[in-house]
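Now the structure itself:
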């Protein structure tokens with residue numbers, strides 16, 4: 049419908065090619081480091097290609113579809129992937145290929161909660177017979193299940209959950225009820241329209257006595273007609289900021305009856321006569337909740353920030369604005385120190401959190417091996433670390449995506465940039481799987497407990513909290529000193545708040561009041577604790593990684609930048625604790641600017657090394673060829689509002705006034 | 049379609065009523081203070097009621113509509129308002145009633161750029177005859193105009209704009225051309241579908257010579273058919289983060305011819321023989337640009353944050369989560385110090401920026417009176433102040449809205465909360481009407497210039513930059529000391545960066561490099577400068593306002609909280625400058641917590657005093673009655689995805705697998 053508008057040569061593509069020529073390191077090698085080896089890179093590319101080449105998985109750009117189209121498309125694709133693509137190519141959950149799925153999946157896909165929550169929960173909570181019955185059905189999408197825990201009125205505070213499962217001895221059934229509007233299940237993904245079963249967390253009641261939260265499998269829709277079953281009110285909760293393709297749902301249950309066997313009874317059981325039998329500790333449940341939290345940051349936050357960096361840095365290399373040198377040519381915005389100061393620290397965050405996260409995954413794997421042997425002594429530590437890490441990473445990466453988005457000026461608001469989509473994808477990670485503030489407080493509770501112990505009684509990675517403060521030797525900007533600086537700060541912070549808590553409670557203030565009044569500082573101490581972990585883990589990685597010298601140098605620079613940027617944006621914390629002096633801070637600021645300047649020529653290369661395909665980003669600003677303006681125009685043409693040259697519906701309302709205008713203007717003309 | 053789910057009594061409504069009983073001040077009086085007097089409150093309510101009662105302006109909730117429906121509805125409403133509602137009620141631009149329009153307008157409305165940019169620009173750039181011709185047409189919507197300045201490839205850097213207007217002596221016409229894809233006009237509101245004219249900013253060329261940017265009126269669509277005219281490619285740019293109802297457009301012009309009279313020629317003219325005549329200074333143009341920037345923060349940022357506070361605080365008063373006291377009842381989240389620490393400082397920001405903004409409007413009015421007399425000596429100061437104020441307020445309020453949104457947990461992601469809409473409305477204010485980073489640098493340039501002068505040569509409000517640092521007497525937390533603290537910090541910050549700039553340039557570094565290398569600190573100094581203005585203005589207001597004692601105390605507490613919260617979140621800046629000690633900081637932190645506790649019982653009352661109607665917020669969480677859960681459920685029922693009990697399109701893709709599941713499960717059953 050629109051005339052073709054095209055330049056003979058795109059200046060922008062020429063500019064980005066120059067950037068690539070100027071990069072001072074082998075990009076492919078950095079990709080291998082990122083992936084964890086050359087073989088992993090190849091495997092990832094194979095899987096990504098398999099998905100991207102599949103014609104069934106093609107669809108129009110997300111930013112041109114309505115929510116309803118996005119939902120339908122995502123459901124169709126996911127059904128195809130899980131039932132055809134994956135089994136037909138012999139890719140099984142747990143296989144090495146599976147590790148790369150998050151990079152290969154279409155940008156929007158459904159049934160994810162079915163895969164990552166419903167199925168694992170059956171495994172965690174179900175007896176062997178229950179797993180044998182339900183698991184194959186679920187894996188084959190013969191049943192589609194939601195994980196129905198959160199209610200309209202309660203999320204983080206599990207004990208507040210109101211849905212009830214009352215045992216009816218006569219019929220050997222549980223009767224599920226939501227006693228109030230606020231007890232309705234609310235938010236679970238896949239639940240509104242696609243699921244026909246739900247794993248319902250409900251308060252078990254036998255003979256009028258409450259036994260707390262248990263997991264029940266409840267069928268909610270008919271398997272032939274897909275109609276909601278009697279007593280079930282289920283539907284989509286409506287539009288959200290993020291995850292628009294998913295049918296997050298509501299589920300109100302009134303006297304819905306399920307057989308006794310549908311209580312998942314690995315840990316506890318209800319006998320036919322109503323006897324309640326506890327078989328295993330609930331603490332084991334935490335082990336599986338930690339699992340999700342440990343694996344979440346990479347695909348849901350770190351990769352998202354890496355994409356945002358790719359978009360913003362490529363765009364900043366081709367977007368020109370103003371003259372740095374009055375006599376010279378217009379320069380790329382990436383040549384401005386302020387733009388570097390916005391974007392390059394985000395790159396550092398991607399690397400820091402990625403490698404620190406891998407450290408946690410390793411710790412968690414060791415924990416799981418111990419747990420299999422019945423040893424859960426590390427549970428408290430891994431919980432405290434993974435909780436604060438999830439909170440810190442989701443916060444840092446969300447903030448980073450927003451910095452990248454705003455650094456793209458006006459075009460960063462356009463859905464065609466892909467950046468609003470990334471922001472809406474990442475920001476919910478601050479709230480789901482544990483609200484960040486709640487998680488920080490849980491970590492702080494552990495830290496305050498540790499602060500009252502002897503070093504010998506603490507895990508090695510925590511002992512520094514109660515050991516003497518270390519001195520920094522030499523420049524503040526060395527990696528070793530950064531570690532010391534953050535460790536000292538974390539220790540002083542935790543000790544400070546612990547002392548305050550003790551003083552207040554010694555004065556006779558009730559513990560819950562002490563805790564509430566100290567909570568701002570408690571959160572700060574949890575943040576500083578996890579920061580010292582991230583810095584330490586990143587430094588270890590950088591020190592140990594085997595790679596060529598130019599790559600090593602880039603990683604060291606990013607590591608140093610990460611620490612210094614945090615110090616410079618939170619200098620008050622370090623100064624108040626007396627860990628750093630004003631002079632240190634000045635040096636940290638100056639060094640940061642120098643590092644930005646040094647990393648600048650490699651910036652495009654570093655984001656190239658993330659190796660995101662164009663179709664995995666759907667971004668007109670971030671495509672590999674840098675041809676941003678033609679892409680924006682091509683995308684705009686697809687706007688549903690452009691279907692006709694005149695939008696008839698809106699024109700209808702304006703037409704009478706415009707015709708008046710025509711008459712007046714023609715009158716003026718004829719008079720002339 | 050859905051069963052009715054309703055409680056006999058909403059606990060939430062009872063809770064919010066209790067909050068209101070506990071408020072310790074007369075809410076209506078605070079509303080009057082906010083509005084600027086009892087009469088203004090009444091007038092505002094009258095206008096709001098006029099709009100809200102009008103049946104033509106009713107429509108379904110925004111979160112249940114597609115973008116296309118939103119666009120059509122907004123256009124219909126705006127046409128009705130400007131052509132019927134306003135003239136029929138004798139409400140004229142410039143009238144006292146008009147001041148309250150931003151509170152009365154439907155949440156989404158179109159033709160705004162036509163009203164606030166196209167029309168004012170005709171007045172600013174047009175000769176008397178031109179104004180006489182175009183203004184009545186525009187006011188009556190006989191023509192609808194876009195303000196076409198920004199291009200695909202250029203925004204902030206005006207000299208980079210590429211569209212050309214070449215004078216053709218033979219035909220006495222200008223020939224408008226976009227030489228490249230990147231020269232296409234891009235972003236202007238109303239331009240894509242509704243406008244039939246555009247005020248095009250283009251580079252004037254006469255006989256091959258360039259004369260820089262000028263404003264031309266270009267007709268782009270036919271007045272009878274609304275079809276794009278020959279040579280014009282125009283349409284909607286697609287979906288955005290925010291302002292989805294508006295048809296921000298693209299406009300590509302190829303050999304579009306307009307009569308010579310269509311150059312707006314108040315300041316400069318092209319004679320029939322091609323002679324170029326300059327009639328007035330371009331500096332006058334800045335005066336009118338400042339106008340928009342001075343008036344923007346209130347309706348586009350401060351009121352938006354006030355709404356977000358209303359929603360988050362009302363919700364936090366009825367949302368219950370966990371036990372503060374292990375033996376006690378579940379408490380409202382607003383009882384947690386951490387929740388107060390998130391939300392109540394945002395309330396303080398609303399008040400601080402509102403009253404500081406009114407100070408700038410007054411300064412600007414005085415400036416306009418002087419300008420009318422030919423005196424523009426205050427232009428530099430008002431520009432520097434309004435630029436950094438717009439940047440700082442848009443940043444603070446955007447951050448505040450996001451804090452409010454996240455403080456609402458999961459429901460803050462739901463569009464039904466109204467919060468994602470507010471975030472998408474406010475965040476663009478960081479970029480439009482001057483990108484914030486660019487604005488801060490403009491302010492900094494002025495400040496550095498001032499720092500090299502004598503106090504006597506500077507405007508009174510700037511002289512402190514070069515005067516001796518003042519001592520604080522007594523407690524850091526007094527309002528007087530807060531002013532001193534921020535003034536000292538601003539002065540030291542500006543002096544510090546000025547010294548650095550001088551040193552570097554004395555060493556022979558080129559000025560543009562000096563500027564680039566200092567830019568991080570330059571931005572910091574502009575931020576601190578505008579903060580001292582805001583604090584000073586808020587303290588003045590609080591000191592001078594006539595009101596009852598309880599209101600005075602609330603305003604004083606909010607003022608103190610605003611200053612202390614900023615100090616506590618930016619303590620590094622104050623410590624590095626030596627303005628505050630670590631001891632001061634500890635005191636500031638403790639005092640902040642005390643103020644939160646003190647303000648807590650009045651929080652719901654304070655947001656009630658903003659007096660937003662339920663329909664002006666479209667928020668299930670923020671409605672006056674506190675009945676959040678029933679409202680969320682009622683809204684969810686309206687989700688377009690719930691039209692049928694089974695979503696046929698998605699079910700189609702899943703059905704084969706589900707039928708397999710039915711057969712397997714029935715097989716299991718029959719075996720049992």
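Protein chains in written order, with the numbering used here: chain A, 49 to 720; chain B, 49 to 720. Think of the CB as a built atom: it goes at the ideal place given N, C-alpha and C, for glycine as much as any other residue. Quick caveat, the model's predicted, so the values are computed rather than measured.
{"Check": "With three or more beta-carbon pairs closer than 8 Å as the criterion, would you say the region 125-142 of chain A touches the region 267-282 of chain A?", "Outcome": "no"}
{"Check": "Could you work out which residues of chain B lie near residue 124 of chain A, taking near to mean beta carbons separated by less than 7 Å?", "Outcome": "701"}
{"Check": "Classify residue 384 of chain B as helix, strand or coil using the three-state DSSP reduction.", "Outcome": "coil"}
{"Check": "Quick one: which chain B residues come within Cβ less than 8 Å of residue 111 of chain A?", "Outcome": "286, 287"}
{"Check": "Name the DSSP bridge partner or partners of residue 193 of chain B?", "Outcome": "B:245"}
{"Check": "Alpha carbon to alpha carbon, how far is residue 489 of chain B from residue 459 of chain A?", "Outcome": "21 Å"}
{"Check": "On the CB-based measure, 16 or more other CB atoms within 10 Å of its CB, does residue 707 of chain B come out buried or exposed?", "Outcome": "exposed"}
{"Check": "Give me the chain B residues within the contact set of residue 114 of chain A, using Cβ-Cβ distance strictly less than 9 Å, ordered along the chain.", "Outcome": "114, 115, 116, 688"}
{"Check": "Using a Cβ-Cβ distance under 9 Å, would residue 298 of chain B count as near chain A?", "Outcome": "yes"}
{"Check": "Where does the unbroken alpha helix (DSSP H) through residue 468 of chain A begin, and where does it stop?", "Outcome": "467-474"}
{"Check": "Could you check how far apart the C-beta atoms of residue 436 of chain B and residue 578 of chain B are, in whole angstroms? I think they sit under 8 Å.", "Outcome": "4 Å"}
{"Check": "Of the residues that make up the region 639-655 of chain A, which ones have a beta carbon closer than 9 Å to any beta carbon in chain B?", "Outcome": "640, 641, 645"}
{"Check": "Across which residues does DSSP place residue 216 of chain A in a beta bridge pair?", "Outcome": "A:221"}
{"Check": "Just to make sure I have the definition right: I need the residues of chain A whose C-beta is within less than 9 Å of the C-beta of residue 613 of chain B. Which are they?", "Outcome": "Those within 9 Å of residue 613 of chain B in chain A number zero; the least Cβ separation is about 11 Å."}
{"Check": "Under 7 Å Cβ-Cβ, which residues of chain A neighbour residue 693 of chain B?", "Outcome": "275, 276"}
{"Check": "Are there 16 or more other CB atoms within 10 angstroms of the CB of residue 236 of chain B, so buried, or fewer, so exposed?", "Outcome": "buried"}
{"Check": "So, for residue 673 of chain B: in the same chain, excluding its five sequence neighbours on each side, which residues have a beta-carbon less than 6 Å away from its beta-carbon?", "Outcome": "61"}
{"Check": "Step through the CB atoms of chain A and report whether any lies within less than 9 Å of the CB of residue 468 of chain B.", "Outcome": "yes"}
{"Check": "List the residues that DSSP assigns as beta-bridge partners of residue 559 of chain B.", "Outcome": "BP columns for residue 559 of chain B are empty, so no partner."}
{"Check": "Just confirm the distance between the C-beta atoms of residue 119 of chain B and residue 295 of chain B, as a whole number of angstroms; I'd bet it's less than 8 Å.", "Outcome": "6 Å"}
{"Check": "What residues in its chain sit with their C-beta under 6 Å from that of residue 529 of chain A, if we drop five residues either side in the sequence?", "Outcome": "520"}
{"Check": "Please specify which runs of the alpha helix (DSSP H), each continuous and at least 4 residues long, are wholly inside the region 472-518 of chain A, giving them in chain order.", "Outcome": "484-499"}
{"Check": "Residue 318 of chain A and residue 225 of chain A - do their beta-carbons sit closer together than 9 Å?", "Outcome": "no"}
{"Check": "In chain order, which continuous runs of the beta strand (DSSP E) of length 3 or greater are located wholly inside the region 566-631 of chain B?", "Outcome": "none"}
{"Check": "In its own chain, which residues sit with a C-beta less than 8 Å from the C-beta of residue 283 of chain A, not counting the 5 before and 5 after it?", "Outcome": "240, 241, 297, 298"}
{"Check": "Could you name the residues of chain B that residue 683 of chain A contacts, counting a contact when the two beta carbons are closer than 7 Å?", "Outcome": "286"}
{"Check": "For residue 74 of chain B, report the span of its beta strand (DSSP E) as first-last.", "Outcome": "Where residue 74 of chain B is concerned, there is no enclosing beta strand (DSSP E), given that its DSSP letter is neither H nor E."}
{"Check": "Does the contact criterion of 3 or more C-beta pairs under 8 Å hold for the region 669-685 of chain B versus the region 460-469 of chain B?", "Outcome": "yes"}
{"Check": "Is it true that the region 626-640 of chain B meets the region 603-617 of chain B, where meeting means three or more beta-carbon pairs spaced less than 8 Å apart?", "Outcome": "yes"}
{"Check": "Going by Cα to Cα distance, which pick from A:393, A:78, A:561 is closest to residue 372 of chain B?", "Outcome": "A:561"}
{"Check": "For residue 16 of chain A, does the three-state DSSP call read helix, strand or coil?", "Outcome": "Nothing about residue 16 of chain A can be reported from this structure: the residues present for chain A run from 49 to 720 only."}
{"Check": "On the DSSP letters alone, give me the boundaries of the alpha helix (DSSP H) that residue 449 of chain B sits inside.", "Outcome": "427-455"}
{"Check": "Ends of the beta strand (DSSP E) at residue 324 of chain B?", "Outcome": "324-326"}
{"Check": "Could you tell me if residue 328 of chain A is buried or exposed, where buried requires 16 or more neighbouring beta carbons within 10 angstroms of its beta carbon?", "Outcome": "exposed"}
{"Check": "DSSP on residue 260 of chain B, reduced to helix/strand/coil?", "Outcome": "strand"}
{"Check": "Should residue 438 of chain B go down as buried or exposed, given a rule of 16 or more other Cβ atoms within 10 Å for buried?", "Outcome": "buried"}
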